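Chemist: Here the sequence shown is numbered in the numbering used here, starting from 12 and rising by one per residue.
Every residue, glycine too, gets a C-beta built ideally from N, C-alpha and C.
Here the structure is a predicted model, which means the values were calculated and not measured.
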Amino acid sequence: MFKLRFSLLIGMGSLGVLLAACTPAAAPFVCADKIGCVDIAPGKPVHIAYAMVVVGPDATLGIDSMRGVEIAIDDKKMLFDHPIELTGEDTGCNPEGGQAAAQKLAADKTIVAVVGTSCSSEARVAAPILTDAGMTLISASNTAPDLTSAAKHVAGYMRTAHNDEIQGAVAAEFAYNGKGIKRAATIHDGSLYAQSLQAVFAKRFVELGGEIVAQEAVGPTDTDMRPVLTNIAAAKPELIYLPIFTAAGGFVTSQSKEVPGLETVKLMGADGIFSPDFLKAAGAAAMGMYHSSPDFSAFASGYAAFLDKHQKKYGEKPLSAFHAHGYDAASIIFAAMEKVGVKDADGTLHIGRQALRDAMFATKGFQGITGTLTCTPTGDCSDPKIAVYEMMSTDPASWNPGAAADSNPKKIYP
12 MFKLRFSLLI GMGSLGVLLA ACTPAAAPFV CADKIGCVDI APGKPVHIAY
62 AMVVVGPDAT LGIDSMRGVE IAIDDKKMLF DHPIELTGED TGCNPEGGQA
112 AAQKLAADKT IVAVVGTSCS SEARVAAPIL TDAGMTLISA SNTAPDLTSA
162 AKHVAGYMRT AHNDEIQGAV AAEFAYNGKG IKRAATIHDG SLYAQSLQAV
212 FAKRFVELGG EIVAQEAVGP TDTDMRPVLT NIAAAKPELI YLPIFTAAGG
262 FVTSQSKEVP GLETVKLMGA DGIFSPDFLK AAGAAAMGMY HSSPDFSAFA
312 SGYAAFLDKH QKKYGEKPLS AFHAHGYDAA SIIFAAMEKV GVKDADGTLH
362 IGRQALRDAM FATKGFQGIT GTLTCTPTGD CSDPKIAVYE MMSTDPASWN
412 PGAAADSNPK KIYP
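Okay, structure coming up:
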């Protein structure tokens, strides 16, 4: 009996070995994605890149968004048991910097997706380069309307930032309805962002019944703004809307107080100068100035926890307007990767580039910290909430935007 049982076990074992030898091995992964795949070996990181301005006078704009991405990585920790790596390139907040950064990133085939750019003029040249390389670019702070217009949208481009069709209208409504201003002037710096935003403001202001008495331009590196301001003073505006950047904005603001006829004219900036660095640049002249920017008090409940993490990680409050949008941009990438990633038995992770892009654009009802996000076919994903703030102090150390009584700048509209 023992010999029979032993022989049976031997026979069954041999049959198992034979069946195992005859069972086909798992087929190796073959990329069928029409724009290619990223293959990530076991233990290697999932590589995300940023394309943002992180040096120079507008550095806080990019650093603010980048920190949002870093906190999102801290929260996510791993994707398919792979760590997440963030590298990137400075974009300079100009087209030349955007092009150079995009070319460098496009050459690195380990990059899965890119968060950026910071400034809209960078995106206009960077988006086609990265799209052609098969990468998807999602911006936390680009707001120019034509980046997501049907006529000019680039296939691999999207954003979590608001569209300035909304910001410009809110700014105009505040000026006309909220402050009773009937005569306004605008200043832009030639950038895609500034030209677009002042144009939206002007259009809406006129629709409401106001008059645009002057539309002037300065160069982003100009230092003497008095000739332009003198021209504006002759038109007798009650308010000047200047949706430009830190360096030029500082000179316009400080020098406006030196030009006869502008001593009491109100100034209004936008999210491009919504930073303590602007207070350093403008000095005492920034007191009482208005700014249109995201409405932080209307963000989702997770924003409070984000601020706590930011304080613990960096030892300070956020530096600009788009930190939460950076967090949401990274989170959309991660959520899409989890939908399309394919992992081999040996731990290799494969991500189809077109599949990832499609999944990102298919984002619907995503619970971000800036709100509930749904992406349009041309890449607008934001849940836009815009407010107007007033500078209550010109001390950069007092920077703490919000709706509370001790906030600076303080939300005053809506």
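1) If you check the beta carbons only, do MET402 and ALA296 fall under 7 angstroms apart?
2) Relative to the alpha-carbon of LEU240, which residue among VAL270, GLY337 and TYR252 has its alpha-carbon at the smallest distance?
3) So, using beta-carbon positions, are ARG368 and GLY47 closer together than 7 angstroms?
4) Between which two residues does the alpha helix (DSSP H) holding TYR301 run?
5) Under the three-state reduction of DSSP, which class applies to HIS93: helix, strand or coil?
6) What are the complete alpha helix (DSSP H) segments, minimum 4 residues, inside the region 46-118?
7) What does the alpha-carbon distance come out to for the pair ALA414 and SER267?
8) My output table needs one value for LYS323: the three-state DSSP class, helix, strand or coil.
9) What's the call for PRO231, buried or exposed, on a 16-neighbour Cβ count within 10 Å?
10) Is the distance from the Cβ of SER202 to the Cβ of ALA151 below 7 angstroms?
11) Could you compute how far the alpha carbon of GLY410 sits from the alpha carbon of GLY99?
12) Which residues bound the beta strand (DSSP E) around ILE423?
13) First and last residue of the alpha helix (DSSP H) that includes SER132?
14) Who are the near neighbours of LYS431 in its chain, counting only those whose CB is closer than 8 angstroms to its CB and skipping five residues on each side?
15) Determine the closest residue to ASP339 out of ALA347, PHE212, GLY79 and PHE289, with distance taken between C-alpha atoms.
16) With a cut-off of 8 angstroms, do at least 3 Cβ pairs link the region 91-108 to the region 178-185?
17) Counting Cβ pairs, one atom from each stretch, are 3 or more of them under 8 angstroms apart for the region 163-170 and the region 189-203?
18) Note the first and the last residue of the continuous alpha helix (DSSP H) segment covering TYR187.
19) Tell me the rounded alpha-carbon separation between GLN209 and LEU90.
20) Can VAL211 and GLU176 be called in contact, C-beta distance under 7 angstroms?
21) Using a Cβ-Cβ cutoff of less than 6 angstroms, which residues in the same chain neighbour ALA83 once the five nearest sequence positions on both sides are dropped?
22) So, are the CB atoms of LYS324 and PRO407 less than 7 angstroms apart?
23) If you compare alpha carbons, which of ALA366, GLY376 and ASP417 is closest to LYS45?
24) Where do the ends of the beta strand (DSSP E) carrying VAL229 lie?
25) Applying the 10 Å Cβ sphere with the 16-neighbour rule, what's the burial state of GLN206?
26) Please state whether DSSP places LYS328 in a helix, a strand or coil.
27) Can the beta-carbon of ILE140 be found less than 7 angstroms from the beta-carbon of ALA60?
28) If you run the structure through DSSP and keep just helix, strand and coil, what is PHE377?
29) According to DSSP, simplified to helix, strand and coil, what is THR264?
30) Counting along the chain, where does the alpha helix (DSSP H) carrying MET146 start and finish?
31) Tell me whether ASN242 sits in a helix, a strand or coil according to DSSP, three-state version.
32) Select from THR383, VAL224 and ASP233 the residue whose C-alpha is nearest the C-alpha of ASN242.
33) Indicate whether GLY382 and ASP391 have their beta-carbon atoms separated by less than 7 angstroms.
34) Output the distance between the C-alpha atoms of ILE423 and THR405, rounded to the nearest integer angstrom.
Modeler: Taking the geometry as given:
1) On the sequence shown, position 391 is the one that residue 402 refers to. On the sequence shown, position 285 is the one that residue 296 refers to. Not closer than 7 angstroms, so no.
2) Within the sequence shown, numbered from 1, the residue matching residue 240 stands at position 229. Selected option, being the one with the closest Cα: VAL270.
3) Here residue 368 refers to the residue found at position 357 when the sequence shown is read from its first residue. Here residue 47 refers to the residue found at position 36 when the sequence shown is read from its first residue. Going by C-beta atoms, ARG368 is not nearer than 7 angstroms to GLY47.
4) Here residue 301 refers to the residue found at position 290 when the sequence shown is read from its first residue. Taken as a continuous stretch (DSSP letters only), TYR301 belongs to no alpha helix (DSSP H), being part of the beta strand (DSSP E) at 301-305.
5) The sequence position of residue 93 within the sequence shown is 82, counting from 1. Strand at HIS93.
6) If we require 4 residues or more, the alpha helix (DSSP H) runs fully inside the region 46-118 come out as 70-87 and 106-117.
7) Here the question's residue 414 lines up with position 403 in the sequence shown. Here the question's residue 267 lines up with position 256 in the sequence shown. A straight line joining the alpha-carbon of ALA414 with that of SER267 spans about 28 angstroms.
8) Here residue 323 is taken as the residue at index 312 of the sequence shown, counted from 1. LYS323 falls in the helix class under three-state DSSP.
9) Translated into the one-based positions of the sequence shown, residue 231 becomes position 220. With 16 or more other Cβ atoms within 10 Å, it is buried.
10) Walking along the sequence shown from the start, residue 202 turns up at place 191. Walking along the sequence shown from the start, residue 151 turns up at place 140. No; because the gap between Cβ atoms is not below 7 angstroms, this pair is not in contact.
11) Here residue 410 corresponds to residue number 399 of the sequence shown, with the count starting at 1. Here residue 99 corresponds to residue number 88 of the sequence shown, with the count starting at 1. The sequence given here has Trp at residue 410, not Gly. Taken atom to atom, the span from the alpha-carbon of TRP410 to that of GLY99 is near 27 angstroms.
12) Translated into positions along the sequence shown, residue 423 becomes position 412. That run of the beta strand (DSSP E) goes 421-424.
13) Here the question's residue 132 lines up with position 121 in the sequence shown. Start and end: 131-143.
14) Past the boundaries of the shown model lies residue 431; the chain is included only from 12 to 425, so the question cannot be answered.
15) Translated into positions along the sequence shown, residue 339 becomes position 328. For ASP339, the nearest C-alpha among the options comes from GLY79.
16) They do not touch, by the three-pair rule.
17) No contact exists between the region 163-170 and the region 189-203.
18) Within the sequence shown, residue 187 is the residue found at index 176, counting from 1. Neither: TYR187 is in no alpha helix (DSSP H) and is coded neither H nor E.
19) In the sequence shown, residue 209 corresponds to position 198, counting from 1. In the sequence shown, residue 90 corresponds to position 79, counting from 1. Each residue's Cα considered, the two are about 42 angstroms apart.
20) Locating residue 211 in the sequence shown gives position 200, where the first residue counts as 1. Locating residue 176 in the sequence shown gives position 165, where the first residue counts as 1. Yes, the pair counts as a contact, with Cβ atoms nearer than the cut-off.
21) Numbered from its first residue, the sequence shown carries residue 83 at position 72. Contacts found: TYR338, ALA341 and SER342.
22) Counting from 1 along the sequence shown, the entry for residue 324 is found at position 313. Counting from 1 along the sequence shown, the entry for residue 407 is found at position 396. Against a cut-off of 7 angstroms, the Cβ pair of PRO407 and LYS324 comes out as no contact.
23) Within the sequence shown, numbered from 1, the residue matching residue 45 stands at position 34. Comparing Cα-Cα distances from LYS45 to each of ALA366, GLY376 and ASP417, the minimum goes to ALA366.
24) Position 218 of the sequence shown, counted from the start, is the residue given in the question as residue 229. No beta strand (DSSP E) contains VAL229, which DSSP labels as neither H nor E.
25) Position 195 of the sequence shown holds residue 206. Counting Cβ neighbours within 10 Å, GLN206 comes out buried, since at least 16 surround it.
26) Against the sequence shown, residue 328 aligns to sequence position 317. Coil at LYS328, not helix or strand.
27) Within the sequence shown, the letter at position 129 stands for residue 140. Within the sequence shown, the letter at position 49 stands for residue 60. For ILE140 and ALA60, no; Cβs fall outside 7 angstroms.
28) What you label residue 377 is simply residue 366 of the sequence shown in a count that begins at 1. Residue state, collapsed to three classes: strand.
29) Looking up residue 264 in the sequence shown gives position 253. THR264: helix per DSSP, three-state reduction.
30) Position 135 of the sequence shown, counted from the start, is the residue given in the question as residue 146. Taken as a continuous stretch (DSSP letters only), MET146 belongs to no alpha helix (DSSP H), as it is neither H nor E.
31) Position 231 of the sequence shown, counted from the start, is the residue given in the question as residue 242. Collapsing the DSSP output to three states places ASN242 in a helix.
32) Residue numbering aside, residue 242 sits at position 231 when the sequence shown is read from its first letter. Selected option, being the one with the closest Cα: VAL224.
33) Stepping through the sequence shown from its first residue, residue 382 is reached at position 371. Stepping through the sequence shown from its first residue, residue 391 is reached at position 380. No.
34) As a first step, residue 423 must be located in the sequence shown, where it is residue number 412. As a first step, residue 405 must be located in the sequence shown, where it is residue number 394. Cα to Cα, ILE423 sits roughly 17 angstroms from THR405.
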